Structures are given as C-alpha cells and as structure tokens.
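Please read the structure below before turning to the comments.
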Amino acid sequence: MLDFLAAGAAGAAPPGWVQFLPIIGMVLIFWFLIIRPQMKRQKEHQAKIASVKKGDQVVTAGGVLGKVVRVDDDYAELEIAQGVRVKVVKSTIGDIVPVSGKPAND
Numbered sequence: 005m006l007d008f009l010a011a012g013a014a015g016a017a018p019p020g021w022v023q024f025l026p027i028i029g030m031v032l033i034f035w036f037l038i039i040r041p042q043m044k045r046q047k048e049h050q051a052k053i054a055s056v057k058k059g060d061q062v063v064t065a066g067g068v069l070g071k072v073v074r075v076d077d078d079y080a081e082l083e084i085a086q087g088v089r090v091k092v093v094k095s096t097i098g099d100i101v102p103v104s105g106k107p108a109n110d
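Under the working numbering, the sequence shown has 47 at position 43, and the numbering climbs by one with no breaks.
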C-alpha cells in the first residue's frame with residue numbers, strides 16, 4: 005500500500021519548468037515597467053540631441069544655460085554670456101529650451 009501512495013505522490017509533482025515561471029514573470033514585469041520605458045526615453049533624447057542646431061537655446065545636464073553657436077558631430081559650442089563660449093559634449097545637453105522674449109535678469 006505504501007508503494008501505491010509513493011507512486012501517486014511522484015506522479016502529481018509538476019514538471020521542472022513550472023518552477024521557472026515566477027522568475028520569467030518577474031523578468032517580463034521588469035522589462036515592461038523599467039527597461040522598455042527607459043529605452044524609449046533614451047531614443048527620444050538621442051533624437052532631440054541630433055536635432056540641435058545653431059541658434060537653439062539649450063540647458064546642459066550640469067544646469068548651464070546657453071545659446072548654440074556651432075555644432076559638430078560630437079560637440080556643441082555654447083555662448084553662456086556675451087563673448088563667453090564653452091565647448092560641451094552633445095550628449096550632455098539635457099533639453100532644448102524655448103527662447104523667451106525677455107532675458108531672465110531683466
């Protein structure tokens with residue numbers, strides 16, 4: 005009789021791959037909630053950086069606000085004050101700021 009119970013218990017065990025379903029589920033949740041939206045934001049940022057042109061007002065990741073004077077493949081030259089120009093890596097440009105009608109210090 006014990007052999008019959010042991011054989012019944014062994015046959016009722018789920019297959020080995022079923023144990024991996026929770027792990028696969030967690031990976032899918034991370035993919036759709038964290039990784040995929042981050043990749044989308046990164047693509048949008050790269051497209052925005054690629055569209056930077058002379059005359060745009062931009063803010064860098066460090067918080068420096070300036071007007072684009074010259075653009076290369078990897079670098080952009082910003083005028084942060086009258087006669088003061090800095091060269092920055094294009095990937096550090098955080099955002100293109102709409103040009104306002106009046107200066108911030110007036």
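Yeah, the Cβ is synthetic: ideal placement off N, Cα and C, and Gly gets one too.
None of the values given here were measured: they were computed from a predicted structure.
Under the rule that 16 or more other beta-carbon atoms within 10 Å means buried, what is residue i, buried or exposed?
i, result
"Leu-69", "exposed"
"Asp-33", "At residue 33 the sequence reads Ile, which differs from the Asp that was named. Classification of Ile-33: exposed, given that the 10 Å Cβ count is below 16."
Thinking C-beta only, is residue j closer than 8 Å to residue i?
i, j, result
"Val-62", "Ile-97", "yes"
"Val-73", "Asp-60", "no"
"Val-75", "Lys-91", "no"
"Lys-52", "Ile-100", "yes"
Could you check the C-alpha separation between residue i and residue j for me, to the nearest Å?
i, j, result
"Pro-19", "Ile-28", "15 Å"
"Pro-26", "Ile-38", "18 Å"
"Tyr-79", "Lys-94", "5 Å"
"Arg-89", "Leu-82", "5 Å"
"Pro-41", "Met-30", "16 Å"
"Val-103", "Phe-24", "54 Å"
"Glu-48", "Ala-54", "10 Å"
"His-21", "Asp-77", "Note that residue 21 is Trp in the sequence shown, not His. Rounded to the nearest angstrom, the two C-alpha atoms are 49 Å apart."
Apart from the five residues on each side of it in sequence, which residues of its chain come closer than 8 Å, Cβ to Cβ, to residue i?
i, result
"Gly-66", "Thr-96"
Within the same chain, show all residues whose beta-carbon is closer than 6 Å to that of residue i, passing over the 5 residues directly before and after it, in chain order.
i, result
"Gln-86", "none"
I'd like the list of long-range same chain contacts for residue i, defined as Cβ closer than 7 Å, with 5 residues on each side in sequence excluded.
i, result
"Thr-64", "Val-92, Thr-96, Ile-97 and Gly-98"
For chain C, is any of its Cβ atoms less than 8 Å away from the one on residue i?
i, result
"Glu-83", "Reference to chain C is not applicable here, since this structure consists of a single protein chain."
By the DSSP assignment, the alpha helix (DSSP H) with residue i in it spans what residues?
i, result
"Val-4", "One cannot answer for residue 4 here, as it falls past the ends of the chain, which runs 5 to 110."
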